[in-house]
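Chemist: Just passing along the structure, written as structure tokens.
Protein chains: 2
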Amino acid sequence: MNGAPRLDAKALFPRGVTAFSVDDLTGYRGPALKVLEGAGIKIGDFIELQLSGDSVKGTLVPRYQNNDDRHIVVKLKSGYNVGIGVARVSGIRRLAEGERPSFTSSPPKAEDGLPLVSILGTGGTIASRVDYRTGAVHAAISAEDLYSLMPELSDIANISPEIVVSVYSENLEPEHWEKIAAKVSECVARGARGVIVTTGTDVMGYTSAALSFALQKVPVPVFVVGSQRSSDRPSSDAYLNLIGAVSMAVSAEFSGVYVVMHADTSDERLAVHRGTRVRKNHTSARDAFRSVGLEPVAYWSRGGLDLVSPSLPKRGSGPFTARPRFDAGAALLKFYPSMQTAYVRSILDSGLKGLVIEGTGLGHINGKNVAAIKGFIDAGGLVCMTSQCIWGRVDMNVYDTGRDLLEAGVVPLEDMLGETALSKMMWVLANAASSGERRAMMTSDLAGETTERTLPGGSA
Amino acid sequence: MNGAPRLDAKALFPRGVTAFSVDDLTGYRGPALKVLEGAGIKIGDFIELQLSGDSVKGTLVPRYQNNDDRHIVVKLKSGYNVGIGVARVSGIRRLAEGERPSFTSSPPKAEDGLPLVSILGTGGTIASRVDYRTGAVHAAISAEDLYSLMPELSDIANISPEIVVSVYSENLEPEHWEKIAAKVSECVARGARGVIVTTGTDVMGYTSAALSFALQKVPVPVFVVGSQRSSDRPSSDAYLNLIGAVSMAVSAEFSGVYVVMHADTSDERLAVHRGTRVRKNHTSARDAFRSVGLEPVAYWSRGGLDLVSPSLPKRGSGPFTARPRFDAGAALLKFYPSMQTAYVRSILDSGLKGLVIEGTGLGHINGKNVAAIKGFIDAGGLVCMTSQCIWGRVDMNVYDTGRDLLEAGVVPLEDMLGETALSKMMWVLANAASSGERRAMMTSDLAGETTERTLPGGSA
Chain S
45 MNGAPRLDAK ALFPRGVTAF SVDDLTGYRG PALKVLEGAG IKIGDFIELQ LSGDSVKGTL
105 VPRYQNNDDR HIVVKLKSGY NVGIGVARVS GIRRLAEGER PSFTSSPPKA EDGLPLVSIL
165 GTGGTIASRV DYRTGAVHAA ISAEDLYSLM PELSDIANIS PEIVVSVYSE NLEPEHWEKI
225 AAKVSECVAR GARGVIVTTG TDVMGYTSAA LSFALQKVPV PVFVVGSQRS SDRPSSDAYL
285 NLIGAVSMAV SAEFSGVYVV MHADTSDERL AVHRGTRVRK NHTSARDAFR SVGLEPVAYW
345 SRGGLDLVSP SLPKRGSGPF TARPRFDAGA ALLKFYPSMQ TAYVRSILDS GLKGLVIEGT
405 GLGHINGKNV AAIKGFIDAG GLVCMTSQCI WGRVDMNVYD TGRDLLEAGV VPLEDMLGET
465 ALSKMMWVLA NAASSGERRA MMTSDLAGET TERTLPGGSA
Chain P
45 MNGAPRLDAK ALFPRGVTAF SVDDLTGYRG PALKVLEGAG IKIGDFIELQ LSGDSVKGTL
105 VPRYQNNDDR HIVVKLKSGY NVGIGVARVS GIRRLAEGER PSFTSSPPKA EDGLPLVSIL
165 GTGGTIASRV DYRTGAVHAA ISAEDLYSLM PELSDIANIS PEIVVSVYSE NLEPEHWEKI
225 AAKVSECVAR GARGVIVTTG TDVMGYTSAA LSFALQKVPV PVFVVGSQRS SDRPSSDAYL
285 NLIGAVSMAV SAEFSGVYVV MHADTSDERL AVHRGTRVRK NHTSARDAFR SVGLEPVAYW
345 SRGGLDLVSP SLPKRGSGPF TARPRFDAGA ALLKFYPSMQ TAYVRSILDS GLKGLVIEGT
405 GLGHINGKNV AAIKGFIDAG GLVCMTSQCI WGRVDMNVYD TGRDLLEAGV VPLEDMLGET
465 ALSKMMWVLA NAASSGERRA MMTSDLAGET TERTLPGGSA
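Quick note, the sequences are listed as chains S and P, same order. Positions 45 to 504 (the working numbering) are the ones given, in order, by the first sequence. Positions 45 to 504 (the working numbering) are the ones given, in order, by the second sequence.
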């Protein structure tokens, strides 16, 4: 225990980032608070906890108000947090005092002659701060703040930050997608070498799909980026995601709309996902985002870019016209057993123009709702089928139920994700001139939203 | 090409199974039909297709009526089907004629003294036949038929087959779950050493969860089994799934409700999934079913049973009372961006008693719908939150939206699957005496529907 290295707590955190307040013991209560107060320890201190025959060293971090009162949580050098039950603690001591870093007040200036990269802020965790009194996260940091938090960005690009909208992503509406798409288009016209859209991760897949349809043939890369942990928290994934996106915006040779997020939990490697084939598959993990039905198109690390897909569209300077119109008259309906006809009829009567169903298996709903679906289609409504399985392809020719739905006019969407199908339908409803064109657009691959069948129709 | 082995086509198929009609060229049309007719080849023949510098050998299988007319599909020795474009075919010849196997007319008799295993049929692909005129699958085979298709079952158990209900699984209703659960209970009372429930895979996860709640503390293993390919098709996974389930019903030392399906695509290994933690994650793959958030509890192959989970309930003879009551007044609502208040209000007004929301991320919906949700709860409705991410845990304390929903009375369900939560709510609505008891039941782990947190509340 003597000779324990005196680590600099600041080294644990990115440059210029306020890790947390070190003035108090935020979030600690009861037995845990008593132990910490008794030892004169504050949040941010680098401490050692003695356990029976073992010890743990780390930086004391705050707790949420609603957490229990029997654990002390420290951040290990590895970056992971670990909670230690106070009953196990036989001793505690401070190895180093907490630092008091603060936000830098103004962004550094970029070098002349660096390529222009636009960062468009739309809210979300990547642009939020933790309120450690409640453990809560509030939308607060502007795109400019982010820039000031990551001064190294000024070494690689001339950053043009702008807030387009500032909402938690679950509150995003098609009208926000319209604003974002129009703004990306403006940035491209102004000569941006690439555009970064920072957004909340909750509906990031829906948003990246929406932008993929509105920005078809965009001549530069557009990276949709978020973080699972807010930018002012020591374990935030925001830094690597944003730095990687800016780096690729400058140097990547491909164009199109992609999601850029952690590829794994290592904080070293990013995955670049096709904007129409990506899904948030975990509530909290750094590598929550996964490409479905295909590999990510590329991986990025500080060592460079590994292209996986050989057929990405090249950067181009040809004519590009955004089509940033969406219609909120579409809904996504996940089928479940015993779904009542009253339920389905009430939805269809709520003013919808189109419905994406996440059916079961190959694309099914219960038979008793087929008539209502048919009536909606006969009256001009658009109904498309995807699968709640997530992986695999709908095939409505195999079972009676599927054939009945096809006969009613339901449009099968191959292996399109339900979330992508909803964004696409909102875009199609605003951009197709006729019901025939709607159907044709929904079943045409416009932005890589479906993958090709690997076998041409094996039968058994 | 000379010296090609004369394989017995029958060896490719399980005993006693009609692979398909060999009287015609069902499903083939146009160019493909012309090539096959020209060579005098019938479905079921073992053939060789010459390609440029290559050749493919396999058994000709039928095609669906709606498939294209430019591919010939053969089943390789590996069991896989491959479609060959007729344009690539430079020659074709028959190596062996198709067999004409037929269904055996009556089940073999089991040996005296073998343990009793009940097989309860409820419909689904595992109990269906392909109509090769349309490529369609119809519910047709009874549990007794299945038994006659797999005579080896008579070597290990005294099988008692019974049809409880016969519907495609997407048409299953809570009243069907009631019948199935009651029948399982009867079988246990009659001394069954294990019970197999064969069912369609579409809503198998919902059904296995429903049975898990209705059959808590069941003293024998109950295996919910299906197949992704119908039992009369050569590539069916029905055989191994059913044989493995019967084998485990006889010999496994644990009790409880589990799903038994292929662990991978090899047709050699089965996974045993906890009935409340399993999800159909692929529309068509044999290994579509996956345990979410934990390993399968066991793997089975003809070599034996590999237990993964050390803490499964043991077989027991204690008192067991099924609680086979469900209430169809619950719905599952997957949130999507811009979900309209008219949509949500119409659902809440459709006569529901409870609602499971699949929110985004940690458990969110858009702010504009919180008031309607609160109104529904204030009027006595039950609303619970899961995540559409599928993996990970809801945590509604992190963001404003989550806290607003908690304040409105929404009940967070940890890492429970949305599908499981719906089945549980239907069971709770029928079995709880008060609104307080409903909440308590929803948040108590009754049948392994939630997993424990791995860290006691790290904060960053």
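Ideal Cβ positions, reconstructed from N, Cα and C, are used throughout, including at glycine.
Please confirm whether residue 428(P) has its beta-carbon closer than 9 Å to some beta-carbon of chain S.
Modeler: Taking the second sequence and counting its residues from 1, the one referred to as residue 428(P) is at position 384. By this cut-off, residue 428(P) is not an interface position.
Chemist: For the putative contact between residue 165(P) and residue 244(P), defined by C-beta atoms under 8 Å, what is the C-beta separation to the nearest angstrom?
Modeler: Taking the second sequence and counting its residues from 1, one reaches residue 165(P) at position 121. Taking the second sequence and counting its residues from 1, one reaches residue 244(P) at position 200. Actually they are not in contact, since the Cβ atoms of residue 165(P) and residue 244(P) sit about 11 Å apart, beyond 8 Å.
Chemist: Just the C-alpha distance for residue 307(P) and residue 268(P), rounded to the nearest angstrom, thanks.
Modeler: By 1-based counting over the second sequence, the position of residue 307(P) is 263. By 1-based counting over the second sequence, the position of residue 268(P) is 224. Roughly 15 Å separates the two Cα atoms.
Chemist: Determine the direct distance from the alpha carbon of residue 251(P) to that of residue 10(P), and round the result to whole angstroms.
Modeler: Nothing can be reported for residue 10(P), as the shown portion of chain P is limited to 45 through 504.
Chemist: Return helix, strand or coil for residue 493(S), following the three-state DSSP convention.
Modeler: Taking the first residue of the first sequence as 1, we reach residue 493(S) at position 449. Reduced to three states, the DSSP call for residue 493(S) is coil.
Chemist: Chain S partners of residue 395(P), CB-CB under 7 Å?
Modeler: Your numbering for residue 395(P) matches position 351 in the second sequence. Per Cβ cutoff of 7 Å: 386.
Chemist: For the beta strand (DSSP E) containing residue 396(P), name the first residue and the last one.
Modeler: In the second sequence, the residue the question calls residue 396(P) occupies position 352. Counting along the chain, residue 396(P) falls outside any beta strand (DSSP E), and DSSP gives it neither H nor E.
Chemist: If contacts are defined as beta-carbon pairs under 8 Å, then residue 374(P) and residue 473(P) qualify, I think. What distance do you get, rounded to the angstrom?
Modeler: For the purposes of this step, residue 374(P) is taken as residue 330 along the second sequence, with counting starting at 1. For the purposes of this step, residue 473(P) is taken as residue 429 along the second sequence, with counting starting at 1. Rounded, the Cβ-Cβ distance is 6 Å, consistent with contact.
Chemist: Any beta-carbon of chain P closer than 9 Å to the one on residue 486(S)?
Modeler: Locating residue 486(S) in the first sequence gives position 442, counting from the first residue. For residue 486(S), the answer is no, since every Cβ of chain P falls outside 9 Å of its Cβ.
Chemist: With a cut-off of 8 Å, do at least 3 Cβ pairs link the segment 256-266 of chain S to the segment 220-233 of chain S?
Modeler: yes
Chemist: My output table needs one value for residue 179(P): the three-state DSSP class, helix, strand or coil.
Modeler: Taking the first residue of the second sequence as 1, we reach residue 179(P) at position 135. The predicted position of residue 179(P) is uncertain, since its pLDDT is 44 and thus under 50; a value taken from the coordinates is nonetheless stated next. Coil, per DSSP.
Chemist: In terms of residues, what are the limits of the alpha helix (DSSP H) holding residue 231(P)?
Modeler: Stepping through the second sequence from its first residue, residue 231(P) is reached at position 187. 218-233 is the span of the alpha helix (DSSP H), which, as asked, contains residue 231(P).
Chemist: To the nearest angstrom, how far is it from the Cα of residue 212(P) to the Cα of residue 411(S)?
Modeler: Reading the second sequence from its first residue, position 168 is the one you call residue 212(P). Reading the first sequence from its first residue, position 367 is the one you call residue 411(S). Spanning the two alpha carbons is a distance of roughly 9 Å.
Chemist: Kindly list the residues whose CB is nearer than 8 Å to the CB of residue 455(P), restricted to its own chain and excluding five residues on each side of it in sequence; keep chain order.
Modeler: The sequence position of residue 455(P) within the second sequence is 411, counting from 1. These residues qualify, in order along the chain: 426, 427, 428, 429, 483, 486, 487.
Chemist: Tell me, please, which residues DSSP counts as bridged to residue 345(P).
Modeler: Indexing the second sequence from 1 puts residue 345(P) at position 301. Residue 345(P) is bridged to 313(P), 348(P).
Chemist: Under 9 Å between C-beta atoms, does residue 218(P) make it to chain S?
Modeler: Taking the first residue of the second sequence as 1, we reach residue 218(P) at position 174. Yes, contact with chain S.
Chemist: Look at the Cβ atom of residue 115(S), then the Cβ atom of residue 128(S), and state whether they are nearer than 9 Å.
Modeler: Residue 115(S) sits at position 71 when you count from the first residue of the first sequence. Residue 128(S) sits at position 84 when you count from the first residue of the first sequence. Yes. Within cutoff.
Chemist: Can you look up residue 263(P) in the DSSP assignment and give me helix, strand or coil?
Modeler: Position 219 of the second sequence holds residue 263(P). Coil at residue 263(P), not helix or strand.
Chemist: If you measure from the beta carbon of residue 451(S) to each beta carbon in chain P, is any gap under 9 Å?
Modeler: In the first sequence, residue 451(S) corresponds to position 407, counting from 1. Chain P contact via Cβ: absent.
Chemist: Decide if the segment 377-391 of chain P is in contact with the segment 399-418 of chain P; the criterion is three or more beta carbon pairs, one per stretch, under 8 Å apart.
Modeler: yes
Chemist: At a Cβ cut of 9 Å, what residues of the segment 396-427 of chain P count as close to chain S, listed as they run along the chain?
Modeler: 396, 400, 402, 403, 404, 405, 406, 407, 408, 409, 410, 411, 412
Chemist: May I ask you to list, following chain order, the residues of the segment 215-248 of chain S that have a beta carbon less than 7 Å from some beta carbon of chain P?
Modeler: Those residues of the segment 215-248 of chain S placed with their C-beta closer than 7 Å to a C-beta in chain P are 215, 216, 217, 218, 245, 246, 247, ordered along the chain.
Chemist: With 9 Å set as the bound, which would you pick, yes or no: does the beta-carbon of residue 261(S) sit closer than that to a beta-carbon of chain P?
Modeler: Counted from its first residue, the first sequence places residue 261(S) at position 217. No, no contact with chain P.
Chemist: Say whether chain P places a C-beta atom closer than 9 Å to the C-beta of residue 437(S).
Modeler: Locating residue 437(S) in the first sequence gives position 393, where the first residue counts as 1. With 9 Å as the cut-off, residue 437(S) counts as an interface residue toward chain P.
Chemist: Can you name the residues of chain P whose CB is closer than 8 Å to the CB of residue 431(S)?
Modeler: Taking the first sequence and counting its residues from 1, one reaches residue 431(S) at position 387. 327, listed in chain order.
Chemist: Who are the near neighbours of residue 398(S) in its chain, counting only those whose CB is closer than 6 Å to its CB and skipping five residues on each side?
Modeler: Sequence index remark: in the first sequence, residue 398(S) carries index 354 (1-based). Around residue 398(S), the same chain offers 374, 426, 469, 473 as residues with beta carbons nearer than 6 Å, after the five sequence neighbours per side are excluded.
Chemist: Along chain S, in chain order, which residues have C-beta atoms closer than 7 Å to that of residue 256(P)?
Modeler: By 1-based counting over the second sequence, the position of residue 256(P) is 212. The premise fails here: residue 256(P) is roughly 15 Å from chain S at the closest Cβ pair, so nothing lies under 7 Å.
Chemist: Look up residue 429(S) in the DSSP assignment and give the residues it is bridged to.
Modeler: As a working note, residue 429(S) is residue 385 in the first sequence. Answer is 401(S), 456(S), bridged to residue 429(S).
Chemist: Does DSSP classify residue 327(S) as helix, strand or coil?
Modeler: The sequence position of residue 327(S) within the first sequence is 283, counting from 1. Note: residue 327(S) maps to coil in three-state DSSP.
Chemist: Look up residue 75(S) in the DSSP assignment and say whether it is helix, strand or coil.
Modeler: On the first sequence, position 31 is the one that residue 75(S) refers to. Residue 75(S) falls in the helix class under three-state DSSP.
Chemist: Between the C-alpha atoms of residue 222(P) and residue 370(P), what's the straight-line distance to the nearest angstrom?
Modeler: By 1-based counting over the second sequence, the position of residue 222(P) is 178. By 1-based counting over the second sequence, the position of residue 370(P) is 326. Distance from the CA of residue 222(P) to the CA of residue 370(P), rounded to the nearest whole angstrom, comes to 7 Å.
Chemist: To the nearest angstrom, how far is the alpha carbon of residue 506(P) from that of residue 402(S)?
Modeler: Here chain P has residues from 45 to 504 only, and residue 506(P) is not among them.
Chemist: According to DSSP, is residue 447(S) part of a helix, a strand, or is it coil?
Modeler: Taking the first residue of the first sequence as position 1, residue 447(S) is located at position 403. The answer is helix: DSSP assigns residue 447(S) an H, G or I state.
Chemist: Does DSSP put residue 303(S) in a helix, a strand or coil?
Modeler: Counting from 1 along the first sequence, the entry for residue 303(S) is found at position 259. In the three-state scheme derived from DSSP, where H, G and I count as helix and E and B as strand, residue 303(S) is classed as strand.
Chemist: CB-CB under 7 Å to residue 320(S), same chain, minus the five flanking residues each way: which ones, in chain order?
Modeler: Position 276 of the first sequence, counting from 1, holds the residue named residue 320(S). If we look at residue 320(S) and ignore the five residues flanking it on each side, its Cβ neighbours are 253, 256, 464, 491, 492, 493.
Chemist: Please classify residue 342(S) as buried or exposed, where buried requires at least 16 neighbouring CB atoms within 10 angstroms.
Modeler: Residue 342(S) sits at position 298 when you count from the first residue of the first sequence. Classification of residue 342(S): buried, given that the 10 Å Cβ count is 16 or more.
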